[in-house]
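Peer 1: Once you've had a glance at the structure underneath, I'll fire off some questions.
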Amino acid sequence: MLLRHTLAPAPAEARAKIMALKQISSNKCFNGFQKVFEHDSVELKCKMKFGIYLPPKAESGKCAVLYWLSGLTCTEQNFITKAGFHQAAAEHGLIIVAPDTSPRGCNIEGEDESWDFGTGAGFYVDATEEPWKTNYRTYSYIKDELPKLINANFPTDPERMSIFGHSMGGHGALILALKNPGKYKSVSAFAPICNPIQCPWGKKAFGGYLGSDLSKWEAYDATHLVKSYPDSHLDILIDQGKDDQFLSAGQLLPDNFIAACTEQKIPVVFRLQQGYDHSYFFIATFVNDHIRHHAKYLNA
68 MLLRHTLAPA PAEARAKIMA LKQISSNKCF NGFQKVFEHD SVELKCKMKF GIYLPPKAES
128 GKCAVLYWLS GLTCTEQNFI TKAGFHQAAA EHGLIIVAPD TSPRGCNIEG EDESWDFGTG
188 AGFYVDATEE PWKTNYRTYS YIKDELPKLI NANFPTDPER MSIFGHSMGG HGALILALKN
248 PGKYKSVSAF APICNPIQCP WGKKAFGGYL GSDLSKWEAY DATHLVKSYP DSHLDILIDQ
308 GKDDQFLSAG QLLPDNFIAA CTEQKIPVVF RLQQGYDHSY FFIATFVNDH IRHHAKYLNA
């Protein structure tokens with residue numbers, strides 16, 4: 068009886084979920100597996116890829132999930148090939164998911180004209196303007212669709228989830244945590260775009276995706292959102308390279324965010340790292356600290 072039970076076909080719904088993922092690659096790494104999958108996204112209405120690291124612990128039990136959001140021009144590949152996070156993830160038993168940064172191949176006029184808007188620059192918002200609003204829904208994709216897909220197909224504990232990211236992805240991580248109190252156990256960021264409504268990158272992206280209504284902009288601005296965050300139960304870690312060219316160019320504006328956190332008594336650890344720039348060399352240097360930061364909450 069038991070043997071027949073274990074070999075019984077999965078319900079149609081479960082089969083559909085499993086069928087929905089196409090494995091692109093799989094590489095053994097620190098006794099776990101770094102995999103890349105492709106799927107048809109409902110929110111973005113295109114094929115999307117994500118990287119997922121399954122630590123050794125995933126073979127025998129459920130694991131907490133840490134979502135990584137990458138920055139401008141990146142795909143799912145940048146973090147999984149450059150950050151050097153696998154050993155720490157294996158040791159702490161964390162599944163790490165690294166999605167692509169924006170829709171691909173939507174054939175929208177103008178989507179490939181500049182590196183900081185359109186392809187590779189979704190900015191983790193749900194666009195409200197034509198022609199972007201049909202596909203550019205990366206906020207809802209990261210918040211709802213992707214976790215449902217991950218939880219349906221991998222040995223996750225849905226109650227234990229955290230988020231971190233870099234630059235545009237640091238902005239994404241902060242706003243997702245601030246807009247959804249209690250959803251993520253912890254949040255951290257490398258060189259995040261902290262106050263997009265005040266910087267050139269943010270003004271360009273928000274103007275294009277969200278139109279001229281500034282209240283829509285504020286809904287995706289971490290410095291604005293933290294002012295109405297309901298409690299102080301969010302321990303934020305931010306690393307910023309002191310020699311980051313985008314810091315000196317006024318694109319990141321961490322001081323504005325720190326001031327808002329201080330005013331609201333939201334705990335934030337801000338580390339200005341001497342000599343470091345905006346690159347993945349910077350991320351690789353401090354990524355283990357961030358994984359430890361998240362593991363403290365995810366494995367509590």
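In the numbering used here, the protein residues as written are 68 to 367.
In this text, a Cβ means the ideal position worked out from N, Cα and C, and glycines have one as well.
Three-state secondary structure (DSSP) at residue 320?
Peer 2: Along the sequence shown, read from residue 1 onward, the residue named residue 320 stands at position 253. Coil.
Peer 1: Give, in chain order, every unbroken run of the alpha helix (DSSP H) that is at least 4 residues long and sits entirely within the segment 270-325.
Peer 2: Taking only runs of at least 4 residues, the alpha helix (DSSP H) segments lying wholly in the segment 270-325 are 281-285, 289-292, 312-315.
Peer 1: Nearest by alpha-carbon distance to residue 222: which of 97, 120, 273 is it?
Peer 2: Reading the sequence shown from its first residue, position 155 is the one you call residue 222. Of 97, 120, 273, the residue nearest in Cα terms is 120.
Peer 1: In three-state DSSP terms, what is residue 116?
Peer 2: Here residue 116 refers to the residue found at position 49 of the sequence shown. Of the three classes helix, strand and coil, the one that applies to residue 116 here is strand, per DSSP.
Peer 1: What number of angstroms, rounded off, separates the C-alpha of residue 105 from the C-alpha of residue 354?
Peer 2: Indexing the sequence shown from 1 puts residue 105 at position 38. Indexing the sequence shown from 1 puts residue 354 at position 287. Taking the straight line joining both Cα atoms gives about 26 Å.
Peer 1: Using a Cβ-Cβ distance under 8 Å, would residue 183 count as near chain D?
Peer 2: This model lacks chain D altogether, as it is built from one protein chain only.
Peer 1: Can you round the beta-carbon distance between residue 345 and residue 308 to whole angstroms, since I take them to be within the 8 Å contact cut?
Peer 2: To locate residue 345, count along the sequence shown from 1; it is residue 278. To locate residue 308, count along the sequence shown from 1; it is residue 241. Yes, residue 345 and residue 308 are in contact; Cβ-Cβ is about 6 Å, under 8 Å.
Peer 1: Residue 124 and residue 160 look like a contact to me (Cβ under 8 Å); what is the Cβ gap, rounded to whole Å?
Peer 2: Numbered from its first residue, the sequence shown carries residue 124 at position 57. Numbered from its first residue, the sequence shown carries residue 160 at position 93. Going by Cβ atoms, the distance from residue 124 to residue 160 rounds to 4 Å, so yes, they are a contact pair.
Peer 1: In angstroms with no decimal places, state the Cα-to-Cα distance between residue 139 and residue 127.
Peer 2: Stepping through the sequence shown from its first residue, residue 139 is reached at position 72. Stepping through the sequence shown from its first residue, residue 127 is reached at position 60. Whole-angstrom Cα-Cα distance: 36 Å.
Peer 1: Among the candidates 252, 297, 269, whose CA atom is the shortest distance from the CA of residue 367?
Peer 2: Counting from 1 along the sequence shown, the entry for residue 367 is found at position 300. Checked all of 252, 297, 269; the closest Cα to residue 367 is 252.
Peer 1: Measuring alpha carbon to alpha carbon, tell me which residue in 247, 219, 228, 192 is nearest residue 235.
Peer 2: Position 168 of the sequence shown, counting from 1, holds the residue named residue 235. Of 247, 219, 228, 192, the residue nearest in Cα terms is 192.
Peer 1: Taking the beta carbon of residue 300 as the centre, do at least 16 other beta carbons fall within 10 Å, making it buried, or is it exposed?
Peer 2: Numbered from its first residue, the sequence shown carries residue 300 at position 233. Flag for residue 300 reads exposed.
Peer 1: What number of angstroms, rounded off, separates the C-alpha of residue 218 from the C-alpha of residue 225?
Peer 2: Taking the sequence shown and counting its residues from 1, one reaches residue 218 at position 151. Taking the sequence shown and counting its residues from 1, one reaches residue 225 at position 158. Their Cα atoms are separated by approximately 6 Å.
Peer 1: With residue 233 as the anchor, note down where its beta strand (DSSP E) starts and where it stops.
Peer 2: Taking the first residue of the sequence shown as position 1, residue 233 is located at position 166. Start and end: 223-233.
Peer 1: When you compare only the Cα positions, how much space is there between residue 72 and residue 122?
Peer 2: The count along the sequence shown starts at 1 and reaches residue 72 at position 5. The count along the sequence shown starts at 1 and reaches residue 122 at position 55. Note that residue 72 scores a pLDDT of 38, beneath 50, so its modelled location is shaky and nothing firm can be said.
Peer 1: Along the chain, where does the beta strand (DSSP E) containing residue 215 start, and where does it finish?
Peer 2: Here residue 215 corresponds to residue number 148 of the sequence shown, with the count starting at 1. No beta strand (DSSP E) holds residue 215; the alpha helix (DSSP H) holding it covers 213-220.
Peer 1: Determine contact between the segment 130-139 and the segment 328-338, defined as no fewer than three beta-carbon pairs at a distance below 8 Å.
Peer 2: Short answer: they don't touch.
Peer 1: Which of the three DSSP states is assigned to residue 399 in this structure?
Peer 2: Residue 399 falls outside the range modelled here, since the chain spans only 68 to 367, and no answer is possible.
Peer 1: Looking at the strands, I want to know which residues DSSP matches up with residue 161.
Peer 2: Within the sequence shown, numbered from 1, the residue matching residue 161 stands at position 94. Partner(s): 131.
Peer 1: May I ask which residues mark the beginning and end of the alpha helix (DSSP H) holding residue 365?
Peer 2: In the sequence shown, the residue the question calls residue 365 occupies position 298. Looking at the DSSP string, the run of the alpha helix (DSSP H) that includes residue 365 is 347-365.
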